[in-house]
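Residue numbers (our numbering), protein chains in the order written: chain A, 2 to 415; chain B, 2 to 415. Just so it is clear, CB atoms sit at the ideal spot from N, CA and C, and this is done for glycine as well. Every value quoted in this text rests on a predicted model; they were computed, and no experiment measured them. Data first, discussion second: the structure below is written as structure tokens.
As structure tokens, then:
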């Protein structure tokens, strides 16, 4: 049996492929704007499939638009070792988030092809639809359907802010496939990804061996007061929905600090109504994103925000609505997969540390149905979901190399 | 000489005219959305001019789109007694703000026509362009050009958020007139308006004799931090522009409370960038509206906000830009005009009080070039700049009646 650590990926080829994809939806500031199921997302999917076919893969698309590119194993009936990520981005996203994991998967296939190596299990590269959730909420939607957490038909009906459904957009861009969602049997799932945080870079670690992911609770809040003229309405009779929102934003931040370490709390979206300079705002819509590694502390954060909003709105004379739109419990990854990643980092001579993911990933959904882990690489200044998101070529190479060693370990290189 | 107090307006006719105009740009919630220089604004102007011509007036339009409808005086060369207001509304505006003052002017002409009365001076009804400033900032723009405060050519170049200029929109809707702006010589200016605050109603006064107006300082603020992923970015290294903005909103409110009475402080508009649920906001744009009757205290408010924003942004690691986009010093109206309004209220048997206007009005600009005062009537719950804005028919009648008595007093009824 060939020792998988003797195989080396072509780091330049992987880097160049990432740069090629980054041209699709490139922004002036060097990032990417490639929202899910837009024309640009379609162009990117088309290019990926072209490359996979050139690498000899069989490509299938399922009914939620997930793409699977298979390199057949010696035993075609055996469950697949799947790797991949997503190609959609935030509206002001970077070049590496998602794309690195997908193309690292392709690089493994290319490397195996170069040396005509075979594996016992098939290897699948997957592109999950709409990981970001920017255009269609919630995030990581298609891997949730794949793992049986969301219903397919309900998900296809979800609309963007313009009222267009996922089903309609999949049809329009030609990615409403025939394969039943969740049909593939998985032996293991590995996802390579940039850390999207500052820890690996600041500790000078090449590789993050990902042991699990923070739980998440997302909320939509509407505060309603009375819009009125900013001049003649005395300070003491105002019911200013934006003043209430300001206090909610401060509270969200205090809750984030209260449950440190491993807590995050963010208001990312806020819309003011009617949003006119000399009108006291009558209504504000805002979102909250809470994360924690500990499920009990996540519950405390929930309790704190509900009590706090109730008390803030009461004191200003507002009414409020709070709706929890996403609940993801903390995820613990599979020991065998974690060990494979750790072993691969060590065998390849890279520095590493265990890390828990603050971000959600499709791997968190897949973990419910298959042994799963992830491989993190550093990104510069920890910046992600930002056009300035960046990674050094050597980090891309080390991440791809560890993925190669782990995937060929799990898929059993012959 | 006829005693002007023997003339009576037709309150039903005035009310019905207001209701007729309210059909143009009516909203589902019973208000009006008739932004300056839109098609709806044009339709409203067209209807007003039709009515004025039916009442025998000569109509002129100046180069900034102000409309003047003249009922000639016995001495055509004598300076005019002008009254009026505006027909544009906030995006979620009411049926009375502006419209009441314009149609109260028309009702005076109709009443004088009914009894074939003559005045020594001409009487002009004016419709000022873009009083609200919602679509094109700043507010009260065209009366400022009329009174020589703003330059005509510069003003015509001001753009809305879609990049369209005032000059282009005036041409498009057919209201770029020939008359030189500010050509008319004024003997006096009176403007009837709803109070847009709660004082008259709560004190059960029919009429507010307006002695002046609060000064105003408007600002545009941009806070810039670093947008980054809401999950893996630890709380302690965030540069969250929305968190900074929340502290600015709280500070603005504190400043409003600090300089009571006669102070107002409002953040009415706020835009988040990139405005995505799981991205820490990298930039926020917001507006501040400060008002005070006392010019020195308005300066203290300015000093407080500049120091406060500097300190808030420093503590969070943000940068900021602050630009003052409007400065209106407090206005003191003309004693003769104020006395005429007070006398009219008394002679007609109405209850009254002196009041300083928290809102800016075109009258504040005209006060720089002609003797000026205003007549306030109550509005329900003090609500204005809101689709729920409302007034009782008897208030409309008493306001119109006081305007009639004052205008015919100043224009010298023969």
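Is it the case that the Cβ atoms of residue i and residue j are separated by a distance below 8 Å?
i, j, result
"residue 305/A", "residue 256/A", "yes"
"residue 191/A", "residue 374/A", "yes"
"residue 284/B", "residue 247/B", "no"
"residue 376/B", "residue 396/B", "no"
"residue 96/B", "residue 402/B", "no"
"residue 258/B", "residue 167/B", "no"
"residue 276/A", "residue 142/B", "no"
"residue 222/A", "residue 321/A", "yes"
"residue 174/A", "residue 234/A", "no"
"residue 213/A", "residue 357/A", "yes"
"residue 289/A", "residue 268/A", "yes"
"residue 195/B", "residue 392/B", "yes"
"residue 405/B", "residue 109/B", "yes"
"residue 76/A", "residue 129/A", "no"
"residue 202/B", "residue 381/B", "yes"
"residue 363/A", "residue 61/A", "no"
Count the other CB atoms, across all protein chains shown, that sit within 10 Å of the CB of residue i; report buried if there are 16 or more and exposed otherwise.
i, result
"residue 325/A", "exposed"
"residue 90/B", "buried"
"residue 63/A", "buried"
"residue 387/B", "buried"
"residue 240/A", "buried"
"residue 98/A", "buried"
"residue 107/B", "buried"
"residue 83/A", "buried"
"residue 350/A", "exposed"
"residue 3/B", "For residue 3/B, the predicted model reports a pLDDT of 46, less than 50, meaning its position is unreliable and no value from the coordinates is stated."
"residue 394/A", "exposed"
"residue 16/B", "buried"
"residue 372/B", "buried"
"residue 337/B", "exposed"
"residue 74/A", "buried"
"residue 55/B", "exposed"
Quick check on DSSP: helix, strand or coil for residue i?
i, result
"residue 218/A", "strand"
"residue 33/A", "strand"
"residue 375/A", "strand"
"residue 402/A", "helix"
"residue 355/A", "strand"
"residue 226/A", "coil"
"residue 291/A", "strand"
"residue 264/A", "strand"
"residue 192/B", "strand"
"residue 141/A", "coil"
"residue 71/A", "strand"
"residue 234/A", "coil"
"residue 209/B", "strand"
"residue 182/A", "coil"
"residue 334/B", "coil"
"residue 25/A", "coil"
"residue 59/B", "strand"
"residue 38/A", "coil"
Are there any heavy atoms of the ligand FAD lying less than 7 Å away from the beta-carbon of residue i, as far as the coordinates show?
i, result
"residue 279/A", "Among the components modelled here there is no ligand, and therefore nothing to report on the ligand FAD."
Please report the Cβ distance between residue i and residue j, rounded to the nearest whole angstrom; I am assuming they are in contact, meaning their Cβ atoms lie under 8 Å.
i, j, result
"residue 218/A", "residue 301/A", "That belief does not hold up - the Cβ atoms of residue 218/A and residue 301/A are roughly 11 Å apart, past 8 Å."
"residue 122/A", "residue 412/A", "4 Å"
"residue 87/B", "residue 232/A", "Not really, about 15 Å apart at Cβ, beyond 8 Å."
"residue 226/B", "residue 317/B", "7 Å"
"residue 102/A", "residue 193/A", "5 Å"
"residue 127/B", "residue 69/B", "6 Å"
"residue 81/A", "residue 124/A", "7 Å"
"residue 345/B", "residue 410/B", "7 Å"
"residue 71/B", "residue 206/B", "In fact, because the Cβ distance is near 33 Å, the residues do not count as touching under 8 Å."
"residue 342/A", "residue 407/A", "5 Å"
"residue 22/A", "residue 45/A", "6 Å"
"residue 92/B", "residue 383/B", "The Cβ separation is near 20 Å, so there is no contact."
"residue 94/A", "residue 33/A", "5 Å"
"residue 293/A", "residue 260/A", "6 Å"
"residue 25/B", "residue 35/B", "6 Å"
Requested in this report: Tell me, please, whether the region 129-143 of chain B touches the region 152-167 of chain B by the rule of three or more beta-carbon pairs shorter than 8 Å.
Outcome: yes
Requested in this report: Tell me, please, whether the region 142-162 of chain A touches the region 110-122 of chain A by the rule of three or more beta-carbon pairs shorter than 8 Å.
Outcome: Not touching, per the Cβ criterion.
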